[in-house]
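For the sequence shown, position 220 matches number 220 in UniProt numbering, and the numbering has no gaps at all.
For reference, the structure discussed in these notes is given below.
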Amino acid sequence: MSNKQAGCFVYRVIDAEYPIVVRSAPSWDDAYKTKIQAKNGNLVSIDCIIQVDHDNNNNKGGPKFLRLADGSGWLFDRAFSSNGNGPVIMEPVPVESGLWCFYVDNNPVGILLRNHPIDDCASTDLNNFVLPGITLPPQQKIYCDRKVIDGSTTFYRIQGSISSWVFDKRGARFMLVPEHSIACGLFAYQITSNDGVAMRDQPDVGEEAKIPNCIADVGNLVVGDYLRQSPHGESNGPFLRLTNGMGWLFGYKYCQQVMREVLIGTGLWYWKVVNRIQLRKQPIDLFQYRFPTEYPPGAILTCDRQIIGANGVKFYRVKGTTGWVFDRRDDYSMLTPCSAPNGNSLVMMSSPPASSLPISWTIDFVRGVACAIEGIQEIGLNEESRIISFSKDGPTKTRINVYYTTRTIGTVLDHPSQGRTQLFRRDCTIGELAEIMRNPRVHTSKGYTRKRQRTSAEQAGSSIDAEEETRNKLIEVDEALETLEERRRNLVASIVEHDSKRHRLEGDASKLLNNHVQTCDNEKRLADNAREMAIRLVANAEREKASRTCQICNRVFGSVQALDNHNGAVHTHQCKFCYKQFSNPHALNQHCTATGHF
């Protein structure tokens, strides 16, 4: 008998005298050996476990055959033994489920996907790397759904994969950085260090990371699309990845500020080129930052971003490009404003710097609001994904997910016509947080649903929200699968228990029936014996009585001796032919006359 279990499991090789050879089938037989080996300390990713019961009296169960998640073969948790209870050579490692979001670090190399949670630079017999080789480049955003801790290294499985693993760091080098330490968008900074700042080829303030002859001078404006906080928690950074692949800069170096964030204006501007101008990679009017693209006098440019330099020069980003132009050089105008092609007047808006964005909530603050509301219970917290979840008592269970850093509240509830739906409300106030916790169905004049109304969801939300929702739905599906699998295991165990109980009852009933039949047979035999005994007793009594009864006068005597005395004293006349005795001669004569016994 065997028990099969599917899922995501991780095992570690322990106390193996020799490397364990992977089999092509769930068997110890040497005929199934492959060329792949697992050594002491290796972690392996498993997607199926088959447990074989060799001894039903063994409470620990029989050996387990483990199918490698990459499909390369099978391992086993015990060494071979005739009774299946050989020494344990592999032990399970705790696997945590959840949703984690990271950006790939390790500039400029990235990270190679692993088939198993193994941090090894070289491919081994266990075939560490996903084949064909897949490298995740730096700054790529990834989501993970399983976590395994091995000493100082934490491994994560890529969400949606069966066996694709990454790890957080190797020594002091970070391979992954949490999502909350990264900001994506468009950021502008101005150099404040009098010595200027040398650009780096990676987010590091070290001298070895410098790019030769690439220095941003004091007063220069620079823009980047990726802002990274230092994962070391030291007074360096934030690190800005410059647009157009020019390198990295940083806001602080050893607690000394070297550049400051500046405002970026957002809107639409229409300019007519006055003097021939070349597009710049950065809002810097220097030769080394020029693009090959050149605009002749009279060209009309549409721009969507504006940055004002310290000397009053305004830089504009040409719409549809990553390049910049400027309105003047010294006393010469490079651009002159013109009207919009359709004649409409357009309003300019300003985007605040990232540091001035609305303050996020904290975990303790959200918990404090929840404690003041009846019927709210905390059911989960993921600090890395910055989600705290609650359930609300009512006719139907309602789930409330609070994304506390973005002040987004997601409610999962049963809609009367649309079924199970999710509603997201962004940029919520404290009052709205409390009101939603009191009544998850409350109308706050904001938010968008994620059920059937796909068009309105796309209009009201963003692709990030859609991805976030999809990934959370995947987590819910995984949880539902785990719940169903647990229910299935419980049902199977219940069926086995009922079968065992039925077999026991059937055995007991058979024994009772046999005992009953045997008892009935014994009772019948005893009754027959009693009846025969009674008949024999009656017959013996009749015979004994007849032996004490006089055959002539039918008188019954107390003993045979008394009968003999009676015959000798009373019945002295006897027929010579039939030997019948009579009490007087007259009776004898009558007998002889009647019978002819003369």
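Yeah, the Cβ is synthetic: ideal placement off N, Cα and C, and Gly gets one too.
Please state whether the Cβ-Cβ distance between residue i and residue j is less than 8 Å.
{"i": "residue 174", "j": "residue 231", "result": "yes"}
{"i": "residue 306", "j": "residue 269", "result": "yes"}
{"i": "residue 187", "j": "residue 131", "result": "no"}
{"i": "residue 11", "j": "residue 93", "result": "yes"}
{"i": "residue 319", "j": "residue 293", "result": "no"}
{"i": "residue 153", "j": "residue 120", "result": "no"}
{"i": "residue 13", "j": "residue 116", "result": "no"}
{"i": "residue 224", "j": "residue 279", "result": "no"}
{"i": "residue 287", "j": "residue 179", "result": "no"}
{"i": "residue 75", "j": "residue 143", "result": "no"}
{"i": "residue 327", "j": "residue 317", "result": "no"}
{"i": "residue 139", "j": "residue 471", "result": "no"}
Kindly give me the distance between the Cβ atoms of residue i and residue j, rounded to whole angstroms, as I take these residues to be in contact under 8 Å.
{"i": "residue 111", "j": "residue 166", "result": "6 Å"}
{"i": "residue 400", "j": "residue 387", "result": "Actually they are not in contact, since the Cβ atoms of residue 400 and residue 387 sit about 11 Å apart, beyond 8 Å."}
{"i": "residue 246", "j": "residue 281", "result": "6 Å"}
{"i": "residue 273", "j": "residue 295", "result": "5 Å"}
{"i": "residue 253", "j": "residue 275", "result": "Actually they are not in contact, since the Cβ atoms of residue 253 and residue 275 sit about 38 Å apart, beyond 8 Å."}
{"i": "residue 19", "j": "residue 38", "result": "6 Å"}
{"i": "residue 552", "j": "residue 577", "result": "Actually they do not touch by this definition, with Cβ atoms about 16 Å apart."}
Identify, in the order they occur along the chain, each residue of the same chain with its Cβ nearer than 6 Å to the Cβ of residue i, setting aside the five sequence neighbours on each side.
{"i": "residue 427", "result": "407"}
{"i": "residue 599", "result": "Lying outside 1 to 598, the shown extent of the chain, residue 599 is not represented and no answer is given."}
{"i": "residue 299", "result": "273"}
{"i": "residue 475", "result": "99"}
If you draw a straight line from the C-alpha of residue i to the C-alpha of residue j, how long is it?
{"i": "residue 512", "j": "residue 521", "result": "14 Å"}
{"i": "residue 259", "j": "residue 397", "result": "51 Å"}
{"i": "residue 586", "j": "residue 565", "result": "22 Å"}
{"i": "residue 360", "j": "residue 104", "result": "25 Å"}
{"i": "residue 80", "j": "residue 478", "result": "35 Å"}
{"i": "residue 21", "j": "residue 203", "result": "43 Å"}
{"i": "residue 333", "j": "residue 314", "result": "11 Å"}
{"i": "residue 493", "j": "residue 376", "result": "34 Å"}
{"i": "residue 63", "j": "residue 437", "result": "50 Å"}
{"i": "residue 539", "j": "residue 592", "result": "35 Å"}
{"i": "residue 531", "j": "residue 544", "result": "20 Å"}
{"i": "residue 218", "j": "residue 106", "result": "29 Å"}
{"i": "residue 52", "j": "residue 78", "result": "11 Å"}
{"i": "residue 168", "j": "residue 226", "result": "20 Å"}
{"i": "residue 128", "j": "residue 284", "result": "46 Å"}
{"i": "residue 393", "j": "residue 370", "result": "13 Å"}
{"i": "residue 135", "j": "residue 141", "result": "13 Å"}
{"i": "residue 422", "j": "residue 242", "result": "38 Å"}
{"i": "residue 9", "j": "residue 429", "result": "42 Å"}
{"i": "residue 488", "j": "residue 113", "result": "33 Å"}
{"i": "residue 71", "j": "residue 146", "result": "19 Å"}
{"i": "residue 41", "j": "residue 176", "result": "23 Å"}
{"i": "residue 277", "j": "residue 329", "result": "10 Å"}
{"i": "residue 497", "j": "residue 491", "result": "10 Å"}
{"i": "residue 182", "j": "residue 172", "result": "19 Å"}
{"i": "residue 594", "j": "residue 584", "result": "16 Å"}
{"i": "residue 573", "j": "residue 567", "result": "10 Å"}
{"i": "residue 95", "j": "residue 150", "result": "11 Å"}
{"i": "residue 412", "j": "residue 164", "result": "30 Å"}
Leaving out five residues on either side along the sequence, give the residues of the same chain with a beta carbon under 7 Å from the beta carbon of residue i.
{"i": "residue 350", "result": "Low confidence applies to residue 350: its pLDDT is 44, below 50, so where it sits in the model is not reliable, and the reading given next is rough at best. Taken in chain order, the residues that qualify are 263, 265, 266."}
{"i": "residue 216", "result": "191, 196, 197, 199, 222, 249"}
{"i": "residue 355", "result": "Only weak support is given to the placement of residue 355: the predicted model assigns it a pLDDT of 43, under 50, and the value that follows is read from those uncertain coordinates. Around residue 355: 261."}
{"i": "residue 56", "result": "Because the pLDDT at residue 56 is just 47, under 50, the model does not fix this residue reliably, and the value given afterwards should be weighed accordingly. Around residue 56: no qualifying Cβ."}
{"i": "residue 162", "result": "47, 69"}
{"i": "residue 547", "result": "560"}
{"i": "residue 507", "result": "none"}
{"i": "residue 362", "result": "404"}
Starting from the C-beta of residue i, find all residues in its chain whose C-beta is less than 8 Å away, skip the five residues before and the five after it, and write them out in chain order.
{"i": "residue 482", "result": "7, 97"}
{"i": "residue 549", "result": "555, 556, 557, 563"}
{"i": "residue 365", "result": "404"}
{"i": "residue 312", "result": "none"}
{"i": "residue 442", "result": "435, 436"}
{"i": "residue 343", "result": "The pLDDT assigned to residue 343 is 48, lower than 50, so where the model puts this residue is not dependable, and the model offers no usable value."}
Quick check: is any heavy atom of the ligand FMN less than 7 Å from the C-beta of residue i?
{"i": "residue 567", "result": "Judged by which ligands are present, the structure shown has none, so any question about the ligand FMN falls away."}
Quick check on residue i - is its C-beta less than 8 Å from some C-beta in chain D?
{"i": "residue 197", "result": "Looking for chain D here will not work: only one protein chain is present."}
Along the chain, which unbroken stretches of the alpha helix (DSSP H) at least 4 residues long are found entirely within the UniProt domain "C2H2-type" (548-576)?
At a cut-off of 4 residues, the continuous stretches assigned as alpha helix (DSSP H) that sit fully inside the UniProt domain "C2H2-type" (548-576) are 560-569.
Those runs of the beta strand (DSSP E) which lie wholly inside the stretch 284-350 and span at least 3 residues
Uninterrupted beta strand (DSSP E) stretches at least 3 residues long and entirely within the stretch 284-350 occur at 290-295, 300-308, 314-318, 324-326, 335-337, given in chain order.
Counting only runs of 3+ residues fully inside the stretch 152-231, write out the beta strand (DSSP E) ranges in chain order.
If we require 3 residues or more, the beta strand (DSSP E) runs fully inside the stretch 152-231 come out as 153-158, 165-167, 176-178, 182-191, 197-200, 210-216, 221-228.
If we require 4 or more residues per run, which alpha helix (DSSP H) segments fall completely within the stretch 235-277?
DSSP runs (the alpha helix (DSSP H)) wholly in the stretch 235-277: none.
Enumerate, from N- to C-terminal direction, the unbroken beta strand (DSSP E) stretches of 3 or more residues contained entirely within the stretch 4-67.
You should have 20-23, 33-38, 43-52.
3-residue-minimum beta strand (DSSP E) runs that sit fully inside the stretch 469-539, ordered along the chain:
None, since the stretch 469-539 contains no complete beta strand (DSSP E) of that length.
Taking only runs that begin and end inside the stretch 80-154, name each unbroken beta strand (DSSP E) of 3 or more residues, in chain order.
Qualifying beta strand (DSSP E) stretches, in chain order: 90-93, 96-104, 141-150.
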